[in-house]
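2 protein chains.
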Amino acid sequence: MPGKLQAIPLGGLGEFGMNCMAFRWADDIMVVDAGLMFPEAELLGVDIVVPDISYLIENRQKVRGIVLTHGHEDHIGGLPWILSELNVPVWGTEFTLAYVEDKLDEHGLLDDADLREIRAGESFRVGAFSIHPIRVTHSLVDCVALAIHTPLGIVIHTGDFKVDPTPTDNHLFDLHAFAEYGKQNVLALFQDSTNVERKGYTPSERAVRRKFDEVFAHTKRRLFISCFSSSIHRIKLAVELAQEHGRKVTFVGRSMNNSAEIAEDLGYLEIPDGLIINPGEMKNFPPEKVCVMISGTQGEPMSALSRAAVDNHKHAKIEKGDTVVLSSRIIPGNEKTIYRMVDHLFRRDAYVVYEDGTSPPVHVSGHASQEELKLVINLVKPRYFIPIHGEYRQLKLHAEMAAAMHGSVGKVMLIESGDVLEFDELGARKVARINVGRVCIDSGNRTDVVEDLIIKDRRHLSEDGIVLPIIAINKLTGNVETTPEIVTRGFNPGENGLLEGARRIVEDTLAFSSEEEKADYGVIKEKIRADLKRYISKQTQRRPLIMPVILEI
Amino acid sequence: MPGKLQAIPLGGLGEFGMNCMAFRWADDIMVVDAGLMFPEAELLGVDIVVPDISYLIENRQKVRGIVLTHGHEDHIGGLPWILSELNVPVWGTEFTLAYVEDKLDEHGLLDDADLREIRAGESFRVGAFSIHPIRVTHSLVDCVALAIHTPLGIVIHTGDFKVDPTPTDNHLFDLHAFAEYGKQNVLALFQDSTNVERKGYTPSERAVRRKFDEVFAHTKRRLFISCFSSSIHRIKLAVELAQEHGRKVTFVGRSMNNSAEIAEDLGYLEIPDGLIINPGEMKNFPPEKVCVMISGTQGEPMSALSRAAVDNHKHAKIEKGDTVVLSSRIIPGNEKTIYRMVDHLFRRDAYVVYEDGTSPPVHVSGHASQEELKLVINLVKPRYFIPIHGEYRQLKLHAEMAAAMHGSVGKVMLIESGDVLEFDELGARKVARINVGRVCIDSGNRTDVVEDLIIKDRRHLSEDGIVLPIIAINKLTGNVETTPEIVTRGFNPGENGLLEGARRIVEDTLAFSSEEEKADYGVIKEKIRADLKRYISKQTQRRPLIMPVILEI
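Those protein sequence lines, which keep their order, are chains A and B. Take 1 as the starting number for the first sequence in our numbering and just add one per residue. Take 554 as the starting number for the second sequence in our numbering and just add one per residue.
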């Protein structure tokens, strides 16, 4: 069928997180995933970052919906923002939608949302596309890859995955479906690049069981286990082992509670009667009879574990001889916060078990390593291969890896967020760039955008503080009515008469300005700013933000 | 001899960096090392952090001097600050003093400094102490441990070390000296804890030669090698291999140049005539004939490598097919910046060689792993063992390790910065705490202290910006002369009339305040602040810094 298929990454290609990709056939656009990213430290006061979706908004009549591969924040966290701009149907598996519901509810968007449940192996239509979800394994449960049947051929989007031969829920990675597609001349494979730098295979989720076993066997007192609240495999293991070792289980922290509740409701966690206790009941059981599942692996300041570590949690008390397990990776940028928390735990004479490179591991990755990536490529044998989900170097390394697989890959296309990759009967090529970028969302209200200028100001303020020269001008006479007031914040003027000097500078600037200049507040403010900047920079070698204020009286 | 010996860590015990320890016998105080630490991200606008030395200042008549173990910033970087408060003699090896001179010169402190050169194996006196420096190996050259002979017995301070069997300069770790002291009933061993979490042995500096060899053999075009400028071993290797492979060498970046110059002057680098070229000459040589030693392994924004990566360096141009080697570790907290730079290098189609866990390594640590730590303990057999240089968990793990070595360790003392550890004829114990802490130094002028309050303000400003309600009060009548002006920065008031509302709030506050309140500017400002804070927080869920200003006219 003649026509053009476009793949347009809106986020996640060339950056870590906020995964979002649009596929377009004529007037039908479908979107795969709608993730967020957590801001870098220099984005001051920014809570989350989501993709710029102006492309979707410009084409709002054509957007048929969003299909989710799984429930991690970097795949669903941008939904509240996107749906508040563009309320389209959202497809996802049962578990994924449970997380989505929670999230939309929090933002008061649930009532208006059109959520549609899908199952691995059962096809559904979104506009011109017929989509066949394929079961994959990952650190979360109920994850799918998407085989997208388009008029031009089949496109496979892996979502996030690893090829886990022994997932704790026994829902296997559907090798057969990938193999079957491999016989059908797949047009393109879009594959997760996260772990392309790792050789070999990623260990199974079950690999942490040996370490957990060891810890349960050796722990003499209270056992605290912290993992990402979405690590259902990890929670399931801990619950099973607690039962075996005669420990009651309690969930501490809101996200941990939510997640366990969802997992239990949906049958991913089987919890025997009487195993769970409330955090408040902990004190009624001897320490060796309790296992506390607690949120806060990254040392987030307000998390349950961080607070427990400084003895500031109502129920979770960490005492001498207790054991704390951190079953998660250190997200880059969080090292200092995590180790600060670990130090507090050591100070309380707790044993702390964290990832230290020894075997058996206390944490395993959820993403496919090189051999798994190659396995999927060999199964699918796509005509085009496109690396997705990664920073530029990861995409490039993934592209190089695939390009060397002559037997199973036709051509490799390296694209980034904003590139429009077009397929037609003659082949594929980059045809255009669209506007993409990061939208910064402020805390407090999760749909409030923070503009670049505001962030730039905050960065300036944070480095050198602010100096405000304030003058009062009589609006009738144009006369300056007071000696200038100099106010500072986040800036130390010291004791060498800097403020007095600054006041004189402003007076001089005023004295040497014409009546006309003084009547034009824009001009006079700029003159004051420039003169004061020169003076302060010379006196202190610093560059505070200088903001003249004119009060009209 | 009856009397008391005190060991008083002023920094580095329970925190990473700013290593500094005082030893006191009666009226004689000597200080070992005077380091800095690099600030955490939340210390906004702070350039470096140095130890609070009020203890030394209170006892200024008793301080006999500072002895340096080696030239890394976390051991010498606090010197300008300390010497500007307390100008005492400084002892260090030839190479260490060369770095110190550079640093003091930069701060205009060199002329007044009293620097005294020491050599491994040659004892010297500092007040009541006789000090015998012992050659140790580390990632830097000319490093020493200190055997401090006190009236109460011998104390050994290891400084930073690893036991490198094949250092590139062939100056061996002096096992014999440690062994000899082991027969002399050493009172206390203070040992570096940095790598206590690593099993086994740290590889030799020479271990990177195999990787470097490989890279030199395979690189078809320009070769850029980046390492810490103080990695003299690494620079030496690169220079040797460049010579062997027929490449000219050029040094790019100020710190790299300085360091190479010092190393050559002092005989640590032998550079054949004609091997070195100026950066400007690079363009005259074919790409396969050039090796560029370039500073900036941590992706520091203004470093030579960072600028080269975005094609913003006059001489260092990175082109398709060039190779860039990052021969250093990723300092925690720098991941994002480093990977951003690596991404830029990938975009320029450069091959990037960085530490990825494969063997042979492109970087090795400079600190002793567990087996080396045990070796030194077994050689020295101290009556008391005190872990130094580490965060709390590292000190504690080190203490536990040593405590299990019954055959060679008497007693383990776990102390932190500020603890006063006292030895006498009966034993050792913590007897007191002194005031210690971090002094934050601002950029621009490296001896300017940034106060906590200023940093707190900057943090507040950086998160939510600032709102300034400004009113003019007639000082004669006490009347408010204008409608209040509301000025904001780093805070987005939006378009919903927030500023108008804020103005009304201030007017209301003024209207409902008595004449007395209005006459007391402190009171009226606080009332305005409180009312406005409530209003803005309710309207926007944000908490900008609110700073009322009253202009008296």
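Heads up, the beta-carbon is just placed ideally off N, CA and C, and yes, glycines get one too.
CB contact check: residue i to chain A, cutoff 8 Å
i: LEU974/B; result: no
i: GLY598/B; result: yes
i: VAL895/B; result: yes
i: ASP875/B; result: no
i: SER782/B; result: no
i: SER918/B; result: no
i: VAL878/B; result: no
i: VAL1040/B; result: yes
i: LYS1091/B; result: no
i: LEU668/B; result: no
i: TYR1074/B; result: no
Boundaries (first-last residue) of the alpha helix (DSSP H) holding residue i
i: ALA1064/B; result: 1051-1064
i: MET809/B; result: 807-818
i: ALA791/B; result: 785-797
i: VAL915/B; result: VAL915/B -> no alpha helix (DSSP H), and no H or E assigned at all.
i: ASP977/B; result: Careful: ASP977/B lies outside any alpha helix (DSSP H), inside the beta strand (DSSP E) at 972-977.
i: ARG860/B; result: 857-862
i: ARG497/B; result: Here chain B has residues from 554 to 1106 only, and residue 497/B is not among them.
i: ILE1019/B; result: No alpha helix (DSSP H) contains ILE1019/B, which is instead part of the beta strand (DSSP E) from 1019-1026.
i: TYR55/A; result: 54-58
i: ILE629/B; result: 626-629
Below-8 Å beta-carbon distance, residue i vs any chain B residue
i: ASN492/A; result: yes
i: ALA428/A; result: no
i: MET547/A; result: yes
i: GLU73/A; result: no
i: TYR99/A; result: no
i: GLY465/A; result: yes
i: TYR268/A; result: no
i: VAL450/A; result: yes
i: ARG504/A; result: no
i: GLY333/A; result: yes
i: LEU468/A; result: yes
i: SER462/A; result: yes
i: GLU552/A; result: yes
i: ARG347/A; result: yes
Reduced DSSP category for residue i - H, G, I as helix; E, B as strand; rest coil
i: PRO39/A; result: coil
i: GLY127/A; result: coil
i: LEU1006/B; result: helix
i: LYS964/B; result: strand
i: GLY159/A; result: coil
i: VAL929/B; result: helix
i: TYR351/A; result: strand
i: ASP273/A; result: coil
i: HIS406/A; result: coil
i: LYS1080/B; result: helix
i: MET574/B; result: strand
i: VAL694/B; result: coil
Residue range of the unbroken beta strand (DSSP E) whose run includes residue i
i: MET583/B; result: 581-585
i: MET293/A; result: 290-294
i: GLY618/B; result: 616-620
i: PRO604/B; result: 599-604
i: GLU400/A; result: Not the beta strand (DSSP E): GLU400/A falls in the alpha helix (DSSP H), residues 392-403.
i: SER514/A; result: No beta strand (DSSP E) holds SER514/A; DSSP gives it neither H nor E.
i: PRO80/A; result: Taken as a continuous stretch (DSSP letters only), PRO80/A belongs to no beta strand (DSSP E), being part of the alpha helix (DSSP H) at 79-85.
> Taking any Cβ of chain B, which residues in the segment 381-406 of chain A have a Cβ under 7 Å from it, in chain order?
Replying inline: GLU391, TYR392, ARG393 and LYS396
> Got a sec: which bits of the segment 31-62 of chain A sit with their beta carbon under 9 Å from any beta carbon on chain B, in order along the chain?
Replying inline: GLU40, ALA41, GLU42, LEU44 and GLY45
> Got a sec: which bits of the segment 471-484 of chain A sit with their beta carbon under 7 Å from any beta carbon on chain B, in order along the chain?
Replying inline: ALA472, GLU481 and THR482
> When Cβ atoms are compared, which residues of the segment 188-207 of chain A fall closer than 7 Å to chain B?
Replying inline: GLU197
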